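In the working numbering, the protein residues as written are -19 to 77.
Even for Gly, the Cβ is constructed at its ideal location relative to N, Cα and C.
It should be emphasised that the depicted structure is a prediction, and the values quoted were computed from it without experimental measurement.
Take a look at the structure below.
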């Protein structure tokens, strides 16, 4: 007995066309290029916090509040890398039009 399942996965979702001026494009390029170093800094702070918790490094610079948790720094680093990838693809698509 054979069963065929037909699944429609295409949605008619299209992004609106973006018309950017030269100054806005340069600012967007700068933001996209600075996300990788910012994510590296977030990962370094996460490793520093883990090292401080294990007693391998000096005391972490932030001792109170939400930003003292290493999980937050890892989440920030991952989200910045994902944002950089998405924005660079989206920016190249806008620039090629």
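Within the same chain, 60 come within 6 Å of residue 18 by CB-CB distance, once the 5 residues on both sides are set aside.
For the region -1 to 42, the full-length alpha helix (DSSP H) segments reaching 4 residues or more read 2 to 34 along the chain. Under the three-state reduction of DSSP, residue 45 is assigned to coil, being neither helix nor strand. Our two residues, residue 55 and residue -17, have alpha carbons roughly 43 Å apart in a direct line. Taking C-alpha positions only, residue 4 is separated from residue 12 by approximately 12 Å. Residue 8 places its beta carbon 8 Å or farther from that of residue 63. Here residue -17 carries a coil assignment [DSSP, helix/strand/coil].
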